[in-house]
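Inspection log for the structure reproduced underneath, given as structure tokens.
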Amino acid sequence: MSTPESTVSVPSGRSYEAMRAAFRRSIRLVHRPTVTGLENVPLTGPVIIASNHRSFVDSVYLSALSPRQVCFMAKEEYFTGKGPKGLASRTFFQAVGSFPVRRGSTADAVKALEDGEDILRQGKIFGIYPEGTRTRTGAIGTGKTGAAELAIRTGATIVPVGIMGTEDVMAVEQRFPRPATFTVRFGEPIPAPARQQPAGPQRRALTAQIMAAIAELVDDA
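Here the sequence shown stands for residues -9 to 211, numbered as in my numbering.
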């Protein structure tokens, strides 16, 4: 059976990696972040990066600092703006490997997970925030089951991530990042379990395991 054509375009090649390396150096120079556990990210095969979410910059910085590119969802408005600002936004998010997602309906959520599955079946890394949105208090909330379902469906390894301090780099109301420092901790990988029936309890149990791992990384920091 032939493999279906990918619906998500992921930038790659030497020029992209050179750009990512330059961006990584600039982040380290400006913010001097503490980054630990990079050895926990498998160097090959499909991986789900499951992180807490504190700031707009989380996706961009995680993708730059990870040993491999991480593809994140970004809201559709970042890709559809008009004029020079819209062009700059669209170019930037496409360059860092983000893909647009429309939010608001069950069908939109299903499409977003299908795009994530597509990325994983290409053997790449898909980044997801199980809480579904940025926290305004720093507390770890209840996780949604999308990451667990994708892992079970594709066999992707899950790497929990705890990120702290990016809310000081760029708070919700800020327009530009500040030169504050932050911490990123990549946790021990969680292997994808084989599908069990009924599926619901398995997804919820794996989601609870993911969220507990994220919370531990944040608490230990």
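Ideal placement from N, C-alpha and C gives every residue a C-beta, glycine not left out. Being a predicted model, the structure only gives us computed values, none of them experimental.
Mind checking residue 120: buried by the 16 CB within 10 Å criterion, or exposed?
Counted from its first residue, the sequence shown places residue 120 at position 130. Around the Cβ of residue 120, a 10 Å sphere holds 16 or more other Cβ atoms; the residue is buried.
With 16 as the cutoff for other CB atoms within 10 Å, does residue 10 come out buried or exposed?
Counting from 1 along the sequence shown, the entry for residue 10 is found at position 20. If you draw a 10 Å sphere on the C-beta of residue 10, you find 16 or more other C-beta atoms in it, and that means buried.
In the structure shown, what three-state DSSP assignment does residue 41 receive?
The residue given as residue 41 occupies position 51 in the sequence shown. Collapsing the DSSP output to three states places residue 41 in a strand.
Out of curiosity, what's the CA-to-CA distance linking residue 199 and residue 168?
Residue numbering aside, residue 199 sits at position 209 when the sequence shown is read from its first letter. Residue numbering aside, residue 168 sits at position 178 when the sequence shown is read from its first letter. Inter-residue distance for residue 199 and residue 168 is about 34 Å (C-alpha atoms, whole angstroms).
Across which residues does DSSP place residue 26 in a beta bridge pair?
Position 36 of the sequence shown holds residue 26. Paired residues: 175.
Three Cβ pairs or more, each shorter than 8 Å: is that satisfied between the stretch 150 to 160 and the stretch 169 to 182?
Contact holds between the stretch 150 to 160 and the stretch 169 to 182, because three or more Cβ pairs, one in each stretch, are under 8 Å apart.
Is it true that the stretch 72 to 81 meets the stretch 46 to 61, where meeting means three or more beta-carbon pairs spaced less than 8 Å apart?
Using a C-beta cut-off of 8 Å, the stretch 72 to 81 makes no contact with the stretch 46 to 61, since fewer than three inter-stretch Cβ pairs fall below that distance.
One question on the structure: do residue 118 and residue 63 come within less than 9 Å of each other, judged by their Cβ atoms?
Walking along the sequence shown from the start, residue 118 turns up at place 128. Walking along the sequence shown from the start, residue 63 turns up at place 73. Taking C-beta atoms as the reference points, residue 118 and residue 63 count as a pair closer than 9 Å.
Expected contact under 8 Å - CB spacing of residue 146 and residue 182 to nearest Å:
For the purposes of this step, residue 146 is taken as residue 156 along the sequence shown, with counting starting at 1. For the purposes of this step, residue 182 is taken as residue 192 along the sequence shown, with counting starting at 1. About 6 Å separates the CB atoms of residue 146 and residue 182; that is less than 8 Å, so the two are in contact.
Mapping the DSSP letters down to three states, classify residue 156 as helix, strand or coil.
Looking up residue 156 in the sequence shown gives position 166. Under the three-state reduction of DSSP output, residue 156 falls in the helix class.
By Cβ distance below 8 Å, which residues in the same chain neighbour residue 134 in space, the five residues on each side in sequence not counted?
Translated into the one-based positions of the sequence shown, residue 134 becomes position 144. The answer, listed in chain order, is 120, 121, 122, 197.
Whole-angstrom C-beta distance between residue 91 and residue 102, which should lie under 8 Å:
Numbered from its first residue, the sequence shown carries residue 102 at position 112. Numbered from its first residue, the sequence shown carries residue 91 at position 101. Residue 102 to residue 91, Cβ: 4 Å. Contact.
Report yes or no: is there a C-beta of chain C within less than 9 Å of the C-beta of residue 197?
You won't find chain C in this structure, because it holds only one protein chain.
Using the beta-carbon count (16 or more within 10 Å), is residue 33 buried or exposed?
For the purposes of this step, residue 33 is taken as residue 43 along the sequence shown, with counting starting at 1. Residue 33 counts as exposed, since fewer than 16 other C-beta atoms from the protein chains shown sit within 10 angstroms of its C-beta.
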